[in-house]
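Per this note's numbering, the very first residue in the sequence shown carries number 2; after that it's consecutive.
Each residue gets a CB set at the ideal place from its N, CA and C atoms; glycine is no exception.
Predicted, not measured: the structure shown is a model, and the values here were computed from it.
Encoded as structure tokens, the structure appears first; notes follow it.
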Amino acid sequence: MGHRVGSAPLLLLLLLLAFCKGRIVRVPKSPLIRVEGTETVIPCNVTDYDGPSEQNFDWEFSQGTDFVRIVSTWDLSFTSQQYQKRVGSGEIVLRRSSNNAVFLLIKSIQPVDEGEYKCITPSTDATVQGNYDATVQVKVLDVLIATSNMSVTERGSLDLTCNITTDRSGIFQAQVTWYFSESHDDTLSDAQVLLSVDRDSVVSDSPLISLSHVDRNSYHLLMRDVGVEDSGYYFCQAAVWVPQHNGSWHKVVEKTSSPVSVVVTALELDYQIVLNASKTPKFSDDPTELECRIMNAQNTEANLRFTVSWYYRMHLRSDAVVTDELLATMDADWTLLVGDKSRERTQNGEIIFSKQAVDTFSLRIQWTSEADRGDYYCVVSAWSWHHNNNWVKTKDVISTPVSVFWATQDYTLTVEAVKLKPFFMAGHTFEMTCKVSSQNIKTPRYSVLITAEKTLTDQSNPNGTTRIISLNQDSVVRLEDWTDQTRVDGVVLEKVQENEFRYRMYQTQMSDAGLYRCVVTAWSPGGGGMWREAVNGLSNPIQIDFQTSGPVFNVSMHSDNPTVYQGELADLLCIVTIDRAALEPDDMSFDVSWFAVHSFALDRAPVLLASLDRKGIVSQPRRNWSSDVSLERISPMEFRLRVHGSEDQDFGNHYCSVTPWVRSATGVWQREPEIKSKPIFISVKMDVLNALKYPLLIGIGLATIIGLLSCLIGYCSSRWCCKKEIQETRRERRRLMSMEMD
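Put into structure tokens, the structure is as follows:
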């Protein structure tokens, strides 16, 4: 009984399983939401089927009426006429992913593709069981954002609407962001984010801009108190989010609207500018005062202010174009910005920019110069307070220019140089005067500069012109390029009269020959106790030329042995000779220097070896090798240089340079031109015998010692070994003799 009762439920279960068994066709759960223009994949698979392992599939489409055949895996003629072009071009493709699974691919889904898609499997089962097709609904989503261009007036409100149009029904949320860009060509990354609202309707914080959600598909952007700088391009970006079956949100589409052109027109301010000259100069250094006044100003509430910029235009006698120069400007915060032309004078208080009243600005030049003559005008700017806490310029008005000019005569300056002594010899004092005359200069003072134009052979001044001494308008003397340390007090420049100056040069030298001039600058009193340069003048030249038939010096080099070995002594003689005149040795003195050019050709810079001045003081530079030099005077006109312990570095061309000094009849020493000798080439060789002498002696000595040690060791070894063998032999003989006796 128990067995029968237990078998009945088992049979029932088997019958139930047999009834439920059958083919199962599956597609994704409806609906599939896809964005227009995107690639769409619809998978389909079949399980629990009989027959071959590879199954075939047919796809059909319907928009609520009859189904239209799309594509089949086994029947090429299955496709209906309206899908033949899209299937033939590959826009719609049916691909097999396994024996029992395929997917339908639509590369760019369009709104006409929205509807129901049916996946069908032909029967291969022995009996009809399960389902042989499955249907999935596909929805194509699109978003349209509508905006329009507009124009608003400054200080008004800007109201923009972002309208979102979608065919999506049911639950969805929109996320909206507003952007601003100054140019139509700016990209999204270049634009400025103004405000945004997320899909939970949370708006970002902004004190000046508000965003409201008017209805389900409209989002308003409101900007109050707009300014001219708010002109530009505005656009919005919207994203649509839909819920997923697992409770999360998925962004299905995101689009950006076309930019809206917004033009903010400025409030027209009606005011005029009048520029008057309350003080004009009649002469140089008189004051100038200009007033720039605002007339008929309207709409001057608290959030409006005026600033001024002053400009200068030079007077020209031709049609040449000149650029206007900015003297100063005042920004919206009343900060004075001074131009390059007037910066220094403004800092010194010579030019003053001020605001006399709310509607009046002034420019004052304390001491007007000729360089200030020209046209002046002012530019008044209106500034309005903007909602982003800054001042914005809204309008500029330019005044009629005012001319600052007075008739003057050109300055004239004449300078005459006079040599007081018509002839003098070297060693005497040279004296000249500079006489100055001027016209049309008010209470002038003069500064004087003495220059000398010498021959280009003067190495101390390769340009030919030397600035010797100067005297400024305050009678302060200054030595310019006078570098003769032996005659520091040898030149004097002094003021003899108001318009006459005297130059003296004591103990003149032959090197002082040249043309001497007076360079004079006339100065007139300027503002603030400053001197102002008026005009310059150059005198006629005064020549210093020493006519002499004095001695002519020559110099030569000599060496008895120009080739030396390393370590030996090298002698170099510098011999001075004199022509055309005989001088006593006490009336002559010489500065002598020796030089070397360490090369076979004279293609390197000479190196100073040593020098001996006319007072017997020897100077030697630091040497980088071990050889040494010594100098001596062996006769009144012969000098010798010795190189001790010659090295390889001492080779090369050697020469001497001599500067003669001659004492004149007045007892003044005169420096003659420098003369140089022809070079002598010194060779330094290596003494092979001496170089190898010591190594050979050391080698022979070491060889002898090693040989003696070898002989001694051999002798001792032989003696010890031979003695041992003899002793052993004698011992054996004694044993034999003993045995024979026995």
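Less than 8 Å separates the beta-carbon of A135 from that of R27. If you draw a 10 Å sphere on the C-beta of R720, you find fewer than 16 other C-beta atoms in it, and that means exposed. Take Y504, set aside five residues on each side of it, and the residues of its chain with a beta-carbon closer than 6 Å to its own are M433, I451 and L494, in chain order. Residues of the same chain with a CB within less than 7 Å of the CB of K356, apart from the 5 flanking positions on each side, are F362 in chain order. By the neighbour-count definition (other C-beta atoms within 10 Å, threshold 16), P661 is a buried residue. Annotation: K108 is outside any beta strand (DSSP E) and is labelled neither H nor E by DSSP. Per DSSP, E495 is one residue of the beta strand (DSSP E) stretching across V492 to Q498.
Shown here, R533 sits in a strand according to DSSP, grouped into three states.
Residue ranges of uninterrupted beta strand (DSSP E) with 3 or more members, entirely inside the segment 75-125 and ordered along the chain, are 93-99, 102-107 and 116-121. Contiguous beta strand (DSSP E) elements confined to the segment 384-434 occur at 392-399, 403-405 and 413-420, taking only those with 3 or more residues. DSSP places R24 in no alpha helix (DSSP H); its state is neither H nor E. The alpha carbon of V565 has as its nearest neighbour, out of A333, V685, G617 and E230, the alpha carbon of V685.
Nearest to H251 by alpha-carbon distance, out of Q410, R200 and S262, is R200. Counting only runs of 3+ residues, the beta strand (DSSP E) found wholly inside the segment 635-712 occupies 639-645, 653-664, 670-672 and 681-686, in chain order.
Three or more Cβ pairs closer than 8 Å define a contact, and the segment 372-389 meets that threshold against the segment 224-239. Leaving aside the five residues that flank A192 on each side, the residues in its chain whose CB is nearer than 6 Å to its CB run, in chain order, Y180 and S182. Of the other Cβ atoms in all chains shown, fewer than 16 fall within 10 Å of the Cβ of W75; this residue is therefore exposed. Within the segment 584-620, the complete beta strand (DSSP E) runs of at least 3 residues fall at 589-598 and 608-613. A372 sits exposed, since fewer than 16 C-beta atoms from the chains shown fall within 10 Å of its C-beta. Taking the Cα positions, D546 is about 30 Å away from L613.
If you keep only unbroken beta strand (DSSP E) runs of at least 3 residues inside the segment 201-285, you get 210-216, 219-224, 233-244, 250-257, 261-266 and 273-280.
Ranked by Cα distance from V129, the options S628, V398, E117 and D49 are led by D49.
When DSSP states are grouped into helix, strand and coil, S382 belongs to the strand group.
Taking each of A239, S525 and V253 in turn and checking the Cα distance to Q245, the smallest one comes out for V253. Bridge partners of V437 according to DSSP: V416. 8 Å or more divides the Cβ of V88 from the Cβ of L106. Selection T409, V477 and S63 evaluated against K283 yields T409 as nearest (Cα-Cα).
For R346, the three-state secondary structure derived from DSSP is helix. Beta-bridge analysis with DSSP links E183 to no other residue. A Cβ-Cβ separation of about 5 Å places A278 in contact with V403 under the 8 Å criterion. Residue range T289 to M296 is occupied by the beta strand (DSSP E) that includes L291. Apart from sequence neighbours up to five positions away, the residues of its chain that approach E61 with a beta-carbon distance below 8 Å are F68, V69, R70, I71, Y118, K119 and I121, ordered along the chain. In this structure, N555 lies away from D588, with their beta-carbon atoms at least 8 Å apart.
Contact between G340 and E326 holds: their C-beta atoms lie close to 6 Å from each other, under 8 Å. Distance between L709 and G700, taken at the CA atoms: about 14 Å. Note that the C-beta distance between A606 and Q621 is not below 8 Å.
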